[in-house]
Amino acid sequence: MQTALFRKFALFAELDERELSSIAAVAKSRRYAKDDVVFHADESGDIFCLIREGQVKVTMISPEGKEIILSMLGPGDFFGEMALLDNEPRSATVIATEQLDVVTIWRSDFLQILQENFSIAKKVLAELSRRLRNASNRIESLATMDVYGRLARFFLDLAAKQGKVLDNGYVAVTRPTHQSIANMIGTSRETVSRLIHDLMKQNLLLSEGKTIYLRKTALDQFRAEV
1 MQTALFRKFA LFAELDEREL SSIAAVAKSR RYAKDDVVFH ADESGDIFCL
51 IREGQVKVTM ISPEGKEIIL SMLGPGDFFG EMALLDNEPR SATVIATEQL
101 DVVTIWRSDF LQILQENFSI AKKVLAELSR RLRNASNRIE SLATMDVYGR
151 LARFFLDLAA KQGKVLDNGY VAVTRPTHQS IANMIGTSRE TVSRLIHDLM
201 KQNLLLSEGK TIYLRKTALD QFRAEV
């Protein structure tokens with residue numbers, strides 16, 4: 001694989017050409033169609049994945065059989081590292097939500113890369129810490145907030161991660177499905193649809209095609225409420 005590809009990943013940004021070449025020599029490319037399962041929860045883990053193009057949802061099934069979406073990951077994000085680090089089975093199922101192109105690295109090669117490149121190990125640890133904080137925030141939200149508060153926090157997190165600030169007073173984000181939002185904040189699709197409709201009636205957000213436009217004033221209001 002070309003080393004230029006790896007320069008696009010923040011994870012490898014601090015590496016020189018020689019180090020990038022050693023990673024490119026052991027990396028492989030894999031493609032998945034929409035709704036393909038990359039791996040299932042409880043499987044043994046042997047590969048580390050970086051998203052080149054597309055998006056995945058990281059999910060688990062509740063005891064009642066309901067899907068819970070833990071996170072949505074897109075280009076530049078990585079997944080699959082936990083099972084490689086602790087030698088335990090996969091903790092969640094990862095599913096492509098659109099056509100997906102990933103770069104994969106086998107366990108032994110991944111561990112060798114971490115051992116030889118402290119900058120990469122530090123970034124992996126930082127991302128694990130960030131995800132743990134997000135998980136703690138979600139647990140707090142589910143325990144202490146009503147559905148509106150959980151939806152407000154969801155939009156705040158989405159805007160912080162991928163929001164594009166526009167000159168007209170809005171922040172644009174890619175629109176998840178109402179069912180996906182419901183599965184992430186622990187409610188029903190009907191409730192999400194009703195709350196979003198209420199926000200649209202208040203002119204706090206607009207929805208066009210695959211994009212949601214959040215008013216900056218709406219984000220300020222959400223911050224004040226959560």
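The numbers in this note's numbering rise by one with no breaks, and the one at position 41 of the sequence shown is 41.
By construction, the Cβ of each residue, glycine as well, lies at the ideal position given by its N, Cα and C atoms.
> Among ALA160, ALA25, ALA41, which one has its Cα closest to the Cα of ILE105?
Replying inline: For ILE105, the closest of ALA160, ALA25, ALA41 by C-alpha to C-alpha distance is ALA25.
> Around the Cβ of VAL165, are there at least 16 other Cβ atoms within 10 angstroms (buried) or fewer (exposed)?
Replying inline: Residue environment analysis places VAL165 among the exposed positions, since fewer than 16 neighbouring C-beta atoms fall within 10 angstroms of its C-beta.
> Between the stretch 198-207 and the stretch 86-95, do three or more beta carbon pairs fall short of 8 Å?
Replying inline: Judged by Cβ distances under 8 Å, the stretch 198-207 makes no contact with the stretch 86-95, as fewer than three pairs qualify.
>> For THR187 and GLU67, what's the separation of their Cα atoms in angstroms?
In response: It is roughly 11 Å from the alpha-carbon of THR187 to the alpha-carbon of GLU67.
> Which residues share a DSSP beta bridge with GLU67?
Replying inline: Partner(s): ILE61.
>> Tell me the residue span of the beta strand (DSSP E) that contains ALA172.
In response: For ALA172, the uninterrupted beta strand (DSSP E) segment begins and ends at 170-174.
>> Looking at SER170: is its Cβ nearer than 8 Å to the Cβ of TYR213?
In response: The sequence shown places Tyr at residue 170, not Ser. Taking 8 Å as the Cβ cut-off, TYR170 and TYR213 qualify as a contacting pair.
>> Does ARG7 come out as helix, strand or coil in the three-state DSSP assignment?
In response: Collapsing the DSSP output to three states places ARG7 in coil.
>> To the nearest angstrom, how far is the alpha carbon of ALA10 from that of SER29?
In response: As the crow flies, the alpha-carbon of ALA10 is around 18 Å from that of SER29.
> Where does GLU53 sit, in a helix, a strand or coil, going by DSSP?
Replying inline: GLU53 falls in the strand class under three-state DSSP.
> Can you tell me the Cα-Cα spacing of ALA13 and GLY209, whole angstroms?
Replying inline: Between the alpha carbons of ALA13 and GLY209 lies a distance of about 34 Å.
> Are the Cβ atoms of LEU50 and VAL103 separated by less than 8 Å?
Replying inline: Yes.
>> Considering Cα atoms alone, identify which of PHE48, GLU53, LYS161, ALA41 is closest to ALA33.
In response: Taking only the C-alpha atoms, the option nearest ALA33 is GLU53.
> Among ASP198, ALA152, MET200, GLN179, which one has its Cα closest to the Cα of VAL226?
Replying inline: Of the residues ASP198, ALA152, MET200, GLN179, the one whose Cα lies closest to the Cα of VAL226 is ALA152.
>> Considering only the alpha carbon of each residue, which of GLU19, MET72, ARG130 lies closest to SER119?
In response: Comparing Cα-Cα distances from SER119 to each of GLU19, MET72, ARG130, the minimum goes to GLU19.
> Hey, PHE39 and VAL56: beta-carbon distance below 8 Å or not?
Replying inline: No Cβ-Cβ contact shorter than 8 Å links PHE39 with VAL56.
>> Once the 5 residues before and after LEU114 are set aside, which same chain residues still bring their CB inside 8 Å of it?
In response: So the qualifying residues of the chain are ILE120, ALA121, VAL124.
> Can you list the beta strand (DSSP E) stretches of 3 or more residues lying completely in the stretch 92-165, in chain order?
Replying inline: Fully enclosed beta strand (DSSP E) runs of 3 or longer: 93-96, 100-106.
>> Would LEU156 and PHE110 be called neighbours here (beta carbons separated by less than 8 Å)?
In response: No; because the gap between Cβ atoms is not below 8 Å, this pair is not in contact.
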